[in-house]
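A.B. asks: Just passing along the structure, written as structure tokens.
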Amino acid sequence: MSGTARTPEGAAGRAPVEARGLTVGYGGRAVLEDVTFAAGPAETVAILGPNGGGKTTLLRALLGELVPLAGSVHLARPVACVAQSDRTRLDFPVSALDVALMGALARGRWWRRPGRSDREAARAALERVGLGAEADARFGALSGGQRRRVLLARALVQDAQVLLLDEPFAGVDQASAQRIVALFAELRAEGRTLLVTTHDIEGARAFDRVLCLNRRQVCFGPPGECLGRAALEATYGSEIVVLEDEGGPTRAITVQHHDR
Amino acid sequence: MPSPIDALELPFMRTALAEVVLLGAAGGLLGAWIVLRELAFFTHAAGTVTFPGLVVADATGIAPQAAGAAVALAYAGGVHRAGARRHDEGAATGLLLVAALALGVVLASDLLDAGAGVDRLLFGTLLGLGTGDLVAGALAAVAALAATLALGPVWTASAFDEDGSRALGLPVRRADGLLLALVAVAVVAALPAVGALLVTAVFVVPAATARLLARDVRELLGLGVALAIGEGVLGLYLAYWLDVSPGPAIAALSALVWGAVATATAIRSRGARG
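Chains A and B are the protein sequences, given in the same order. Residue 1 is where the first sequence starts when you use our numbering, and the numbers rise one by one after that. Residue 1001 is where the second sequence starts when you use our numbering, and the numbers rise one by one after that.
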């Protein structure tokens, strides 16, 4: 099974994230078909596509929450999942530190109570995402961008090798977005694999690879290959607006995206 | 107004007092997880579905706790199989509640001599609580405490963010199943004192009140236990004084406290917003 697996940078064994001929859906009905890609250590992948294009579905399939209708997936653990923040409850009685500490549950045995070293790791992780001063703030009282950073801190405490992030930039203020981008670069430098769904086509240029989905895989490759006019139009159809395409790189934005 | 000291001279009141303290401990602890996991309706249903089982047990001489536990655990197992977090099951649960009540009443009119038994099964009793009930209450309290210590962090994490917790490698589904089973069993332990219809007075309302005030899970647990025991003891005294079943007395008192706290916090947060 591993004979043909892509092993970037000479690393032994399979790539941390891999999908081959993957088809997934709900209730036997396929919503995403024929996805084949791999992401190696220290590799960042931006996942683009219209709403309903299958981005979140792909993450759920990688996590094993959806059983493939065809094909296979492989995901190295430990893995961290930062879901769209609206899926966490804002009235929940936990502080930013409490949430970051949840990452420690994955490190030891889950019935072990977090100790002092866990607390220190959680505080350090909050410092690293720029929220050291907000450690004791109630999670729900933080801004959307700050909440996303707290969930990233949880992934740092967990020391995950693979991070799956579902639209980490949606509804995030500029300061948080910059902090998140900088953190992505650090995590990549540490050899971690990042899969990030996004609506931000321009932002996707900073990633190593781009995976374009529109109910099936449209393109997987370096940004120069997958962010050209043809690939973007195949991905987004009428949702795309190409702003400028004169000699330089294609500049494009999507319209019609809703805020989920 | 009878003196509380005099009330405690009565052996059955001492037994009842010990029982509501034990149930308050179990209810306050499990209640925290019930409100965080949004299992209030499940808890109510787990109590009510036992009613027909209790009627049959009462008429045939089977141990009521065995019959109640069998029905409640079967219900919990069914909910777990269907997926505890699916909220679209409200209608199905509602139908089940109606069916359980109707079946219980029909069975009772056939099997029991008079309506008095039905009252006791639905709303609990002060008289006739025995050592067996105290043992059941103590077991529920100990189990709730042990599970809270062992599984609290996992329950907190998975209630906060289920997908993220699964990615963390936490045993989300098994922890969920254990919570459902524990609630079902603890509810059965509470049936003799508060009755099949009013178990939420112990397992949901105090924790829901604590939820309005608590800043973290630790406070939610502590405050929930304090409220559940305090409301249980005071409700018991009211039941004795007014000569009503303890279930309705505790439920009415708990609901009043919840209403007062909810109103106060609403006024305070409006004030804070200016």
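Idealized CB from N, CA, C, for every residue including glycine.
1) Going by C-alpha distance, which of B/S1165, B/L1101, B/A1082 is nearest A/A104?
2) Along the region 74-99 of chain A, where does the CB come closer than 8 angstroms to a CB of chain B? Name the residues.
3) Are A/L194 and A/T44 closer than 8 angstroms when you measure CB to CB?
4) Do you know whose CA, among B/G1230, B/P1206, B/A1146, B/D1163, lies nearest B/L1220's CA?
5) Is the separation between the beta-carbon of B/L1036 and that of B/T1156 shorter than 8 angstroms?
6) What does a CB cutoff of less than 7 angstroms around A/D118 pick up in its chain, not counting 5 residues either side in sequence?
7) Suppose the cutoff is 8 angstroms on Cβ atoms and the five residues either side in sequence are ignored; what does the same chain contact list for B/G1090 look like?
8) Does the distance from the CB of B/V1194 to the CB of B/A1069 come in under 8 angstroms?
9) I need the straight-line Cα distance from A/A38 to A/L164, nearest angstrom please.
10) Give the range of the alpha helix (DSSP H) segment to which B/G1061 is assigned.
11) Counting only Cβ pairs nearer than 8 angstroms, list the residues of chain B close to A/Q158.
12) If contact is defined by three or more beta carbon pairs under 8 angstroms, each pair taking one atom from either stretch, is the region 131-145 of chain A in contact with the region 1137-1149 of chain B?
13) So, with DSSP's three-state summary, where would you put B/I1005?
14) Along the region 134-151 of chain A, what residues have a CB closer than 9 angstroms to any CB found in chain B?
15) What residue range does the alpha helix (DSSP H) around A/S117 cover?
16) Within 7 angstroms: the Cβ of B/V1183 and any heavy atom of the ligand ADP?
17) Do you know whose CA, among B/T1125, B/D1006, B/E1162, B/W1033, lies nearest A/G80's CA?
18) Closer than 8 angstroms, Cβ to Cβ, to anything on chain B: give me those residues from the region 103-116 of chain A, in chain order.
19) In the structure shown, what three-state DSSP assignment does A/F207 receive?
20) Just to confirm the assignment: which complete beta strand (DSSP E) runs, minimum length 3, are found wholly within the region 53-84 of chain A?
21) Any C-beta of chain A sitting closer than 8 angstroms to the C-beta of B/V1056?
22) Could you say which of A/R149, A/L63, A/L32 lies nearest to A/L183 if we only look at CA atoms?
23) Are the beta-carbon atoms of B/Y1237 and B/A1045 separated by less than 8 angstroms?
24) Using the Cβ count rule (16 or more neighbours within 10 Å means buried), how would you classify A/Y26?
25) If you draw a straight line from the C-alpha of B/L1198 to the C-alpha of B/L1122, how long is it?
26) Please name the residues in the region 61-75 of chain A whose beta-carbon is closer than 9 angstroms to at least one beta-carbon of chain B, in chain order.
27) Give me the Cα-Cα distance between B/D1250 and B/G1232, rounded to the nearest whole angstrom.
28) Less than 8 angstroms between the CB atoms is what I'm expecting for A/A46 and A/V181, so what's the real figure, rounded?
29) Could you give the distance in angstroms between the alpha-carbon of B/T1209 and the alpha-carbon of B/V1261?
C.D. replies: In this structure, then:
1) Per the C-alpha coordinates, the member of B/S1165, B/L1101, B/A1082 positioned closest to A/A104 is B/S1165.
2) Listed by position, the residues of the region 74-99 of chain A near chain B (Cβ gap below 8 angstroms) are R77, P78, V79, A80, C81, V82, A83, R87, T88, R89, F92, P93, V94, S95, D98, V99.
3) Contact: yes.
4) When only C-alpha atoms are compared, the closest one is B/P1206.
5) Judged by their CB atoms, B/L1036 and B/T1156 are nearer to each other than the 8 angstroms cut-off.
6) Counting only residues of its own chain and dropping the five nearest sequence neighbours on each side, A/D118 has a CB closer than 7 angstroms to the CB of L101, A104.
7) Correct list, in chain order: F1041.
8) It is not a contact, given that the beta carbons lie outside the stated cut-off.
9) Rounded to the nearest angstrom, the gap between the Cα atoms of A/A38 and A/L164 is 14 angstroms.
10) Neither: B/G1061 is in no alpha helix (DSSP H) and is coded neither H nor E.
11) Here the neighbours are L1168.
12) No, the region 1137-1149 of chain B is not in contact with the region 131-145 of chain A.
13) Collapsing the DSSP output to three states places B/I1005 in a helix.
14) Listed by position, the residues of the region 134-151 of chain A near chain B (Cβ gap below 9 angstroms) are R138, F139, L151.
15) Where A/S117 is concerned, the enclosing alpha helix (DSSP H) stretches over 116-128.
16) The ligand ADP is absent from the structure shown, which contains no ligands of any kind.
17) Looking at the sequence shown, residue 80 of chain A is not Gly but Ala. Of the candidates B/T1125, B/D1006, B/E1162, B/W1033, the one whose C-alpha sits nearest the C-alpha of A/A80 is B/E1162.
18) Sequence-ordered contacts of the region 103-116 of chain A with chain B read G103, L105, A106, W110, W111, R113, P114 [C-beta pairs closer than 8 angstroms].
19) Coil.
20) As far as the region 53-84 of chain A is concerned, its whole beta strand (DSSP E) runs of at least 3 residues are 70-75, 79-82.
21) At a cut-off of 8 angstroms between C-beta atoms, B/V1056 does not count as an interface residue with respect to chain A.
22) Looking from the CA of A/L183, the closest CA among A/R149, A/L63, A/L32 belongs to A/R149.
23) Taking 8 angstroms as the Cβ cut-off, B/Y1237 and B/A1045 do not qualify as a contacting pair.
24) Here A/Y26 is exposed, its C-beta having fewer than 16 other C-beta atoms within 10 Å.
25) Between B/L1198 and B/L1122, the C-alpha separation is close to 7 angstroms.
26) If you check each beta-carbon in the region 61-75 of chain A against every beta-carbon of chain B, the ones closer than 9 angstroms belong to L63, G64, E65.
27) The identity of residue 1250 of chain B in the sequence shown is Ile, whereas the question assumes Asp. Roughly 6 angstroms between the two C-alpha positions.
28) Going by Cβ atoms, the distance from A/A46 to A/V181 rounds to 12 angstroms, so no, they are not a contact pair.
29) Put simply, the backbone Cα of B/T1209 is about 7 angstroms away from that of B/V1261.
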